[in-house]
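Please read the structure below before turning to the comments.
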Amino acid sequence: MVGVSGFIAIAIVTLLIVQFLKLQWLSRQYPPGPTPFPIIGGLWRLDLSLNQETYTKISKDYGRIFTMWVGHKPMIILNGFDAVKEALITHSEQMTGRPMTPFVIDTMKGKGVLFATGHNWKQQRRFSLTTLRNLGMGKKGVEYRIQQESNYLLELFRNEGGKPMNPALAIFPAVSNVISSVVFGHRFSYDDEVFQEMVKAVDFMFHFLPSPFRIAYDLFPRLMRHLPGPHQKAFECLAKGHAIIRDEIRSHEKTRDPIDPQDLIDYYLNQIEKSKDDPSSTFDEENMIHVITDFFAAGTETTSVTLLWALLYMLAFQDIQEKVREELHAVLDPSKEVCYEDRKRLPYTNAVIHEVQRLCNVLLVGSFRECTTDITLQGYRLKQGTVIIPDVASVLYDPDHWETPHQFNPNHFLDKDGKFFCKEAFMPFAVGHRICVGERFARTELFIVFTKLLRVFKLQLPEGVKSVSIKPITGGLAMVPQPYKLCAVPY
Ligand code: HEM
1 MVGVSGFIAI
11 AIVTLLIVQF
21 LKLQWLSRQY
31 PPGPTPFPII
41 GGLWRLDLSL
51 NQETYTKISK
61 DYGRIFTMWV
71 GHKPMIILNG
81 FDAVKEALIT
91 HSEQMTGRPM
101 TPFVIDTMKG
111 KGVLFATGHN
121 WKQQRRFSLT
131 TLRNLGMGKK
141 GVEYRIQQES
151 NYLLELFRNE
161 GGKPMNPALA
171 IFPAVSNVIS
181 SVVFGHRFSY
191 DDEVFQEMVK
201 AVDFMFHFLP
211 SPFRIAYDLF
221 PRLMRHLPGP
231 HQKAFECLAK
241 GHAIIRDEIR
251 SHEKTRDPID
261 PQDLIDYYLN
271 QIEKSKDDPS
281 STFDEENMIH
291 VITDFFAAGT
301 ETTSVTLLWA
311 LLYMLAFQDI
321 QEKVREELHA
331 VLDPSKEVCY
341 EDRKRLPYTN
351 AVIHEVQRLC
361 NVLLVGSFRE
371 CTTDITLQGY
381 RLKQGTVIIP
391 DVASVLYDPD
401 HWETPHQFNP
411 NHFLDKDGKF
421 FCKEAFMPFA
431 VGHRICVGER
441 FARTELFIVF
451 TKLLRVFKLQ
461 LPEGVKSVSI
471 KPITGGLAMV
481 PQPYKLCAVP
491 Y
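For what it's worth, UniProt numbering labels the leading residue of the sequence shown as 1, then goes sequentially.
This is the structure we're talking about:
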């Protein structure tokens, strides 16, 4: 006689076999990839230390386009310059969708830019680009705000008096403050409690997004909504962030001058007013809050971590740091502010910054897209709504495009006469219609902060420390350097 537990076991095994066969049948409609199993899909092929090379290794077995099943959901991965370019440039318009997973729907509600799609995305993205352009102009433009914040940062470095310091503690607040200054019109003091809460919330979300809890939420939303865990903290962080932004909006409403907008909130309030009679308008307070959240989410960790890599590479490659210093001291007038235009006179420094971005590849594999119509990629017909990951890391390390893909080599961006040039395969901000909204902003910030620090300080290892590791911490959304200390000694 088979007992109750025996029946349950037989039922579970039968269910798993049926599910396995169903997955094999379904997978015939997609490009090849690791065999999908019930619950884990093809994830068994990923090693635990998910890194830039993970998908490239799998692509050696299956080709430039392959399918990775996450549970019962297929994801198409594109590997190498040609495949990524075909998707993001040739089919730019059809690749503008974002997958609306249960977590994205519950948190972002289809609002803002980063996690929006369709008409809402188009309107909010256009507004964001135009506003950043408007705010970029004039005497008190974005560049001025970056210069001002860099001066506070320099002060923090100087106050350490050349003693060992953790640069992350200064860089993260400085980068958040530049965004605050552009969206709220003011910076915060580094020890302001509200500000610290905001910085921590952004950092938490960045680490939460690629975590197993987020994946579990997307696979079993009904169950996860009721269970405790870090996903509940993610909701709390967002609610806190939104409350801070709402307070800022209320105080702008009292003091703003519609004729002379000073920051993103001012521009947005004007836009709501302007389009109030347009039935197709998506401009409202909820969207404004999400656009601002997106700026912090997309702009803080990416820029801060890139700067941390830049300082770390300078510690590790002292000869390159010395060449940067020589160029800065030879070309720049110490009595003048550094501006983004100066990059044209500083080819070596510019090449170093580009090489930092290429090698550190801060966003690990890039972003998730969804095709908005049926599409043919690398000879495979994919249905509208298919999730596609253009693996940008595989382009930044594509051996057909970079001489020494895994080594720090500023010559990747210098011609034989030492002039700066940039290759098409340099795409840390992605490319096409959904390219990073803050690209110009981030490039300006990376250049000004890096140049100002390297002009004033020699970066050294603390006494007794012989070397520094440039191996990233893997497993998250960003490629983060291991915590390190440096000594910033004024020249
Ligand atoms: C080093 C710094 C940065 C890097 C490497 C970076 C990279 C990226 C990448 C790869 C994407 C995804 C594009 C895609 O969907 O394929 C993106 C999107 C985005 N970024 Fe950045 N980003 C940086 C800084 C910033 C900054 C400073 C801001 C804001 C001021 C910003 C705002 C955004 C927004 C709003 C999006 C969403 C665009 C959309 O979905 O249409 N980013 N970024």
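All C-beta atoms in this analysis are idealised placements derived from N, C-alpha and C, irrespective of residue type, glycine included.
Because the structure is a prediction, the values reported are computed rather than measured.
For a quick check, are the C-beta atoms of residue i and residue j less than 9 angstroms apart?
i, j, result
"Phe172", "Ser304", "yes"
"Ala174", "Leu153", "yes"
"Tyr190", "Leu135", "no"
"Ile89", "Ile389", "no"
"Arg325", "Arg455", "yes"
"Ala216", "Met224", "yes"
"Arg64", "Glu370", "no"
"Ala351", "Leu414", "yes"
"Lys383", "Tyr348", "no"
"Tyr62", "Pro36", "no"
"Leu359", "Leu315", "no"
"Val183", "Ile292", "yes"
"Val70", "Leu78", "no"
"Leu459", "Leu453", "yes"
"Asp266", "Asp257", "yes"
"Glu301", "Asp203", "yes"
"Ser128", "Val113", "yes"
"Ile244", "Glu273", "no"
"Lys122", "Asn287", "no"
"Phe195", "Ser181", "no"
"His119", "Ser275", "no"
Indicate, with yes or no, if ligand 1 has a heavy atom lying under 8 angstroms from the CB of residue i.
i, result
"Ile249", "no"
"Pro99", "no"
"Phe295", "yes"
"Phe206", "no"
"Thr90", "no"
"Leu359", "no"
"Ile146", "no"
"Thr306", "yes"
"Ala201", "no"
"Glu445", "yes"
"Phe429", "yes"
"Gly299", "yes"
"Val392", "yes"
"Ala239", "no"
"Ala442", "yes"
"Ser367", "yes"
"Leu461", "no"
"Arg133", "no"
"Thr303", "yes"
Among the candidates the options, whose CA atom is the shortest distance from the CA of residue i?
i, options, result
"Pro334", "Gly385, Val84, Thr451", "Thr451"
"Lys140", "Gly185, Leu396, Tyr491, Glu273", "Gly185"
"Leu209", "Leu238, Phe66, Tyr397, Phe188", "Leu238"
"Thr429", "Gln460, Arg440, Phe7, Lys254", "Per the sequence presented here, residue 429 reads as Phe, with Thr not at that position. For Phe429, the nearest C-alpha among the options comes from Arg440."
"Ala310", "Ile375, Gln357, Lys111", "Gln357"
"Ala488", "Pro472, Glu463, Ala478, Lys471", "Glu463"
"Asp82", "Phe408, Thr444, Leu377, Leu269", "Leu377"
"Arg133", "Ala243, Pro481, Thr444", "Thr444"
"Arg28", "Ala201, Leu219, Arg381", "Arg381"
"Arg250", "Tyr268, Ala116, Leu219, Asp260", "Tyr268"
"Val468", "Glu86, Leu308, Met427", "Leu308"
"Lys336", "Gln147, Ile435, Lys200", "Gln147"
Among all the DSSP beta bridges, which residues are the ones paired with residue i?
i, result
"Leu78", "Ile65, Pro390"
"Thr376", "Arg381"
"Met165", "Leu486"
"Pro472", "Pro481"
"Ser142", "Sequence inspection shows Val at residue 142; the Ser mentioned does not correspond to that position. Answer is none; Val142 lacks a bridge partner."
"Arg369", "Ile388"
"Gly229", "According to DSSP, Gly229 bridges with nothing at all."
"Gly41", "Phe37"
"Val182", "Its beta-bridge partners do not exist; DSSP assigns none."
"residue 507", "One cannot answer for residue 507 here, as it falls past the ends of the chain, which runs 1 to 491."
Round the Cβ separation of residue i and residue j to the nearest angstrom and send it over; I've been treating them as touching at under 8 angstroms.
i, j, result
"Tyr30", "Pro102", "No, Tyr30 and Pro102 are not in contact; Cβ-Cβ is about 22 angstroms, not under 8 angstroms."
"Val178", "Glu149", "5 angstroms"
"Ala478", "Val362", "5 angstroms"
"Pro34", "Met68", "7 angstroms"
"Gly299", "Ala442", "7 angstroms"
"Ile320", "Phe447", "About 16 angstroms separates the two Cβ atoms, so there is no contact after all."
"His401", "Lys423", "6 angstroms"
"Gln94", "Thr373", "5 angstroms"
"Arg214", "His231", "7 angstroms"
May I ask whether a heavy atom of ligand 2 can be found less than 8 angstroms away from the beta carbon of residue i?
i, result
"Val437", "Inclusion of ligand 2 in the displayed structure is not the case, the ligand content consisting of ligand 1 alone."
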